[in-house]
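Residue numbers (our numbering): 108 to 414.
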């Protein structure tokens, strides 16, 4: 009896099926690509072009090419932008280590096998899911001269503290925004650190205990090295978020007093939309993009694996 081998699929049928798959994949990708072009790539290209013109938001005259004039103006003539640049770096320099370090401490605490840890995880994370606008309005009332913070300090000092308007004082306004921003965002990074901690096998710590290591030695030589990928992610995300400071300042101080809390993003919005200087605002946004990109690449290079 002769056994007939099963019929093999024809190459032409295979090619037809592959082309059908490619067409289906392209059809599914079209909406995403269209939205990406419309809302991301398109505006970025337009902003890049406008940065070298004197375009205004509403003007009867067409924009003219001015070359690097907008960039020269930003660094040599615009004292407010230079102050905003300094404020932004100052804010990021304080918030990045403070928020990242506090988030790690909270993650270590809620990672312990203790009763009620889920409750504390929820409490620490609640400010993150609350709108930044709502949080900023709430803290603006807390910082008022007759607000809760001054009332509490007056009560604790037995009336010795007279109270002050924290957001109206140039020496305290930025510090007040830093405290509020760290409180609002630390829960998010706590969750990221916690996810990294839970990927570390228990066997690693058991081996460390058998070797007679102390808790600090286990944290330094086991936990921190194994958290390096999480550290890189947290560092870059906090830096980008800190450099993009806008909502808190816009609602709580408007950049004042005396530009002590003005930031780069606030200047971009004010110049581009409030003062209708679209060309100059686009130039500031391009400067901001280059700064953030350079910082992200620098951080990634400094924290990459040696091998």
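For each residue, glycine too, the CB sits at the ideal point set by N, CA and C.
Residue range of the unbroken alpha helix (DSSP H) whose run includes residue i
{"i": "residue 302", "result": "280–304"}
{"i": "residue 199", "result": "186–217"}
{"i": "residue 309", "result": "309–317"}
{"i": "residue 236", "result": "224–236"}
{"i": "residue 354", "result": "354–359"}
{"i": "residue 183", "result": "176–183"}
{"i": "residue 322", "result": "322–325"}
{"i": "residue 335", "result": "335–350"}
{"i": "residue 248", "result": "239–249"}
{"i": "residue 376", "result": "371–376"}
{"i": "residue 257", "result": "255–263"}
{"i": "residue 392", "result": "385–410"}
Residue j beta carbon less than 8 Å from that of residue i
{"i": "residue 192", "j": "residue 371", "result": "yes"}
{"i": "residue 349", "j": "residue 198", "result": "yes"}
{"i": "residue 202", "j": "residue 347", "result": "no"}
{"i": "residue 269", "j": "residue 364", "result": "no"}
{"i": "residue 158", "j": "residue 390", "result": "yes"}
{"i": "residue 175", "j": "residue 393", "result": "no"}
{"i": "residue 235", "j": "residue 319", "result": "no"}
{"i": "residue 286", "j": "residue 368", "result": "no"}
{"i": "residue 354", "j": "residue 239", "result": "yes"}
{"i": "residue 289", "j": "residue 205", "result": "yes"}
{"i": "residue 251", "j": "residue 272", "result": "yes"}
{"i": "residue 338", "j": "residue 410", "result": "yes"}
Rounded Cβ spacing between residue i and residue j (contact assumed at less than 8 Å)
{"i": "residue 244", "j": "residue 358", "result": "6 Å"}
{"i": "residue 160", "j": "residue 173", "result": "6 Å"}
{"i": "residue 255", "j": "residue 249", "result": "5 Å"}
{"i": "residue 180", "j": "residue 387", "result": "7 Å"}
{"i": "residue 241", "j": "residue 228", "result": "Rounded, the Cβ-Cβ distance is 21 Å, inconsistent with contact."}
beta-carbon residue i near the ligand SAM non-hydrogen atom, thresh 7 Å
{"i": "residue 267", "result": "What this structure holds is no ligand at all, so the ligand SAM is not there to describe."}
Residues bridged to residue i (per DSSP)
{"i": "residue 172", "result": "160"}
Cβ of residue i within 8 Å of any chain B Cβ
{"i": "residue 269", "result": "The structure shown contains no chain B; it holds only a single protein chain."}
Would you call the region 218–226 and the region 395–407 touching, i.e. three or more CB-CB distances under 8 Å? no
Flag this pair as touching only if the region 177–197 and the region 364–383 have three or more C-beta atom pairs under 8 Å; answer yes or no. The region 177–197, when compared against the region 364–383, does touch it at the 8 Å Cβ threshold.
Given 8 Å, three or more beta-carbon pairs between the region 373–390 and the region 305–318: Flag = no, the region 373–390 and the region 305–318 do not touch.
Measuring CB atoms only, is the region 159–175 touching the region 308–319, in the sense that at least three cross pairs come out at less than 8 Å? no
Is there contact between the region 206–214 and the region 294–302, where contact requires at least three CB pairs shorter than 8 Å? Yes, they touch.
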